[in-house]
Every structure is written in C-alpha cells, then in structure tokens.
Amino acid sequence: MNLRVRALVSMIGVFLLLPALGGTAHATSAGDVVEARATTVYLAPGRLLEVPVKAWHLRYRSTSATGEPNVVSGTLLVPAAPYPLGRRPVVGYAVGTHGLGDQCAPSAAMAGGTEAELAIMSLMLLKGWAVAVTDYEGLGTPGDHTFMAGLSQGHAVLDAIRAAVRVPDANLSAAAPVVVMGYSQGGSSAAWAAQLQPSYAPELRLRGVAAGGVPADLRAVADHLDGTGDFGLAAAAGLGLDAAYPELRLESHLTPEGAALFGDARDDCVGDLRAKLGGRRLSELTTTDVLDLPEWRARLAENRLGASAPKAPLFLYHAKGDEIIPYELGRTLRREYCARGANVLWTGLPAGGHVLGAVEGAPLAVAWLATRVAGLPAIGDC
C-alpha cells in the first residue's frame, strides 16, 4: 500500500468514526471514548480459561507522532470484586512486540486466548487494579501500525488510561492513582509515557513507571540486529517509522526484492517477521544507506529516549544477556535520566535472554509499582 493510499485509508477511518462521537473533531479530546463494547478474554485458545474480570474492547481518541488526532483501540480489564482501599488504581499496560497486522493486536489475542502477557497483567488484576491495554496506533484500527514511533506509543498509553476512567460502567475515578508498565516495545512505550505525561496528560496522578528491556536508541538497535535472526524486528521498526512520518518515503529506497519483502511484512505478526527476514541486512534490500539520510537521522533522534526527565519515579530493568536490546542501552538510559534529575531505580537482571528478562523482571516491577500505589517513598539509586 503506497503512502497516499495509506493516508487516505487513515483519514476515511477517522471520518467514519465521527458520527459515533455525536459531533465533530473539534468537540472531542484525547482520551475520549469512541466505543466501549463488553468483551471476554481468555487465558487459553479455544475460549478456554475465561479471565474472571469485567472487560471492554475500546476505541478511543489519541494523538499521532506528528500531533494529528487519531483513533486507537485497546482493552480495559476491571476486577469484578470491589476495591477495598479507596479509588481503584489504574494501570496503563504497554505490551511488547506483537507484529504489524491487525490480527496481531493484543485485543485480538486476549479475545482468542493467545495473549502471553495476560500472565503479567494477572499479577496486577489480583491486586484489584484496573488494567488498560492499548493496541497502539494502527494495530486494530485503519492504517499501518506505527511500530516504535515513541511519541505515538506514549500518547496511546496515556490516552488508554484517560479512556478507561471515562467508561461509565467501569466505575473508575479520574482521581485514581495511576501507574504504567511495559517491556520491550512496551518498555519504550512506558518510558515515552513517563516523558510525555507532564505536558501531555498532567491531570493523571502518575505514581510510577516500570519499563524493562527498553530499546531507547532505535539506530543502535537497528545496527545491532542487522544480519541477525531478529532483523525482522528492525525491518518492522523501519516500516513503523515510515507509517508515522510520510516524509521518510521508505518505498523509494528499496530494491525490488526489498520492496517485495517489506510489502509482505506489513501485515505479519512477530513470528513471521522473524522467519521471513531473519539473517538479512538492510544494505541488501535498499538502494542507499537509509538510516544516514537527513530525514531519517532527524526522526531517529526525535525517537531516542532520555532527552528529558520524567517527573514520576522510574523502575528500569534489563536482562544482562539480552540478545535483542543490548544491555548497555538500558544502562545508558539510566545514566541520562539520572543526569537530568529523574528518580530512577535500576536493576540488571541475570536473565540470559530478552524473553527471560520479561519473565524475571515482571514480579519485581509489579512489586515496585505496588509500593507506588501505596504511597511509599520512591528510593532511587542514581
């Protein structure tokens, strides 16, 4: 799909949604609910092991990486039992990489019983917290998924929280304590939510943000993955940035083979991305050094985390043996946040791989978030 067609599809999708809002775009704001439809989520395929929560599939207003209004989908999970300690806390949960096609969206995975990260969400649901899970821009809604476009992802996380408290039947409070958590792509999204919250969503009572395996520097990650079995993830990031920023014109820099492979990848989930593009190099599929073009350098710099300090406390964690996101990138982000005055607690995990880092880090992150919800002091180690 070329850029003009993609833009037209996105515009049509937005205009088709306007009647559901009962007004024009001027009468809406980020976080407004377009649709909240009751749904059911499962822990296993075949509609097995229904998760005992109240759940809604959401479509809500958000903001693109270039500041344009858009509509994003997601899922809201609320425990059925009353919360005994006042206002029920709300978690903005940012999932890791699922893929580029609508069928890969977390909402689709939860409805089909294939969402692995429900195990992590369950740790928070068991504490009585509501969990708002964004699908991100273009994953489950018209247009291409803007994978790894940090501003878009951070907006989507914050607006999922705003939307959650605007679902009437959810009985959530806009004055509730809020925390954010994510790993990998979700770690980037969580960190971006932390950076953006003071200016973008200052009304949210953000108590803390846990971000793990954070790909803080996309250029460094792309260089690291080039020629490896996980090159498909770097290719997906290229497609995501191209979807977010039309001036990048990725298609005009691809070889015929590159155009075929990248075009085929636009609707793939993460397993197919790895299988189809594993071992390839960007130089084999492009006619120029794309990442060194001025427009690409500018957008990569814009999407590099660490330029400003979040006001909320941060828990950053990273696997020492991470083969996808180099451990040093996490350490660098921690140093940069600390240098800018952020309150950061850092944990290097003994895990020998990226996925194991998510497994080892999740209980630590949830426990740290629980201390934030309880209002205990956040002690950093900068």
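Those letters in the sequence shown? Residues -27 to -1, 1 to 355, by mature numbering (1 follows the signal peptide of the UniProt record, and there is no 0). Every residue gets a Cβ at the ideal spot worked out from N, C-alpha and C, and that includes glycine. This structure is a prediction, so every number in the text was calculated from the model and none was measured.
So the candidates are the options; which of them puts its Cα closest to the Cα of residue i?
| i | options | result |
| --- | --- | --- |
| residue 336 | 156, 197 and 173 | 156 |
| residue 128 | 168, 116 and 287 | 168 |
| residue 211 | 117, 172, 108 and 106 | 117 |
| residue 315 | 343, 286, 189 and 303 | 286 |
| residue 393 | 113, 104, 278 and 322 | With the chain represented from -27 up to 355, any question about residue 393 goes unanswered, as that position is not in the structure. |
| residue 165 | 224, 65 and 95 | 65 |
| residue 394 | 255, 213, 209 and 229 | Residue 394 lies beyond the range of the chain shown here (-27 to 355); nothing can be said about it. |
| residue 2 | 303, 44, 262 and 304 | 44 |
| residue 40 | 254, 173 and 238 | 173 |
| residue 131 | 121, 143, 142 and 163 | 163 |
| residue 176 | 90, 149, 248 and 258 | 149 |
| residue 225 | 206, 22, 17 and 261 | 261 |
| residue 17 | 61, 57, 90 and 237 | 90 |
| residue 62 | 142, 248, 20 and 179 | 179 |
| residue 194 | 238, 96 and 274 | 274 |
| residue 228 | 21, 258, 20 and 235 | 258 |
| residue 265 | 192, 305, 248 and 304 | 192 |
| residue 183 | 56, 303 and 55 | 303 |
| residue 95 | 288, 207, 196 and 23 | 23 |
| residue 54 | 11, 143, 206 and 12 | 143 |
Within its chain, find whatever has a CB closer than 7 Å to the CB of residue i; leave out the 5 residues flanking it on each side and keep chain order.
| i | result |
| --- | --- |
| residue 233 | none |
| residue 296 | 326 and 327 |
| residue 186 | 156, 157, 160, 291, 292, 295, 298, 327, 330 and 331 |
| residue 88 | 79 and 82 |
| residue 215 | 221 and 223 |
| residue 282 | 310, 313, 314 and 315 |
| residue 343 | 100 |
| residue 269 | 221 and 263 |
Beta-carbon within less than 6 Å of residue i's beta-carbon, same chain only, minus the 5 sequence neighbours each way: which residues are those?
| i | result |
| --- | --- |
| residue 340 | none |
| residue 320 | 290 |
| residue 147 | 138 |
| residue 52 | 26, 98 and 101 |
| residue 352 | none |
| residue 93 | 335 |
| residue 355 | 311 and 317 |
| residue 106 | 47, 48, 66 and 79 |
| residue 300 | 291 and 293 |
| residue 244 | none |
| residue 333 | 322 and 324 |
| residue 35 | 3, 43, 45, 128, 129 and 132 |
| residue 284 | 171 |
| residue 135 | 4 |
Just to confirm before moving on: does the CB-CB distance between residue i and residue j stay below 8 Å?
| i | j | result |
| --- | --- | --- |
| residue 14 | residue 50 | yes |
| residue 307 | residue 152 | no |
| residue 429 | residue 218 | Beyond the ends of the chain as shown, which are -27 and 355, falls residue 429; an answer cannot be given. |
| residue 145 | residue 84 | no |
| residue 4 | residue 33 | yes |
| residue 189 | residue 279 | yes |
| residue 338 | residue 154 | yes |
| residue 250 | residue 238 | yes |
| residue 86 | residue 21 | yes |
DSSP puts residue i in a beta bridge; with which residues?
| i | result |
| --- | --- |
| residue 8 | 32 |
| residue 48 | 30 and 106 |
| residue 290 | 185 and 320 |
| residue 276 | Its beta-bridge partners do not exist; DSSP assigns none. |
| residue 178 | 150 |
| residue 207 | In DSSP, residue 207 forms no bridge with anything. |
| residue 15 | 23 |
| residue 43 | 35 |
| residue 259 | 227 |
Residue i lies in the beta strand (DSSP E); which residues open and close that run?
| i | result |
| --- | --- |
| residue 151 | 150 to 156 |
| residue 235 | No beta strand (DSSP E) contains residue 235, which is instead part of the alpha helix (DSSP H) from 229 to 238. |
| residue 65 | 63 to 67 |
| residue 22 | 21 to 23 |
Looking only at its own chain, which residues have a Cβ that is under 8 Å from the Cβ of residue i, when we skip the five neighbours before and after it?
| i | result |
| --- | --- |
| residue 252 | 200, 201, 202 and 204 |
| residue 242 | 71, 72, 73, 74, 76 and 77 |
| residue 350 | none |
| residue 140 | 6, 9, 29, 31 and 49 |
| residue 119 | 37, 38, 109, 110, 111, 125, 126, 213, 214, 216 and 217 |
Could you spell out where the alpha helix (DSSP H) holding residue i opens and where it closes?
| i | result |
| --- | --- |
| residue 133 | 123 to 137 |
| residue 197 | 191 to 198 |
| residue 71 | It is not in any alpha helix (DSSP H) - residue 71 carries neither H nor E in the DSSP assignment. |
| residue 311 | 300 to 312 |
| residue 245 | 243 to 250 |
| residue 93 | 91 to 98 |
| residue 85 | 79 to 85 |
| residue 339 | 327 to 346 |
Just to check, is the beta-carbon of residue i closer than 7 Å to a non-hydrogen atom of the ligand MN?
| i | result |
| --- | --- |
| residue 107 | By its list of ligands, the structure shown contains no ligand whatsoever, and the ligand MN lies outside what it can speak to. |
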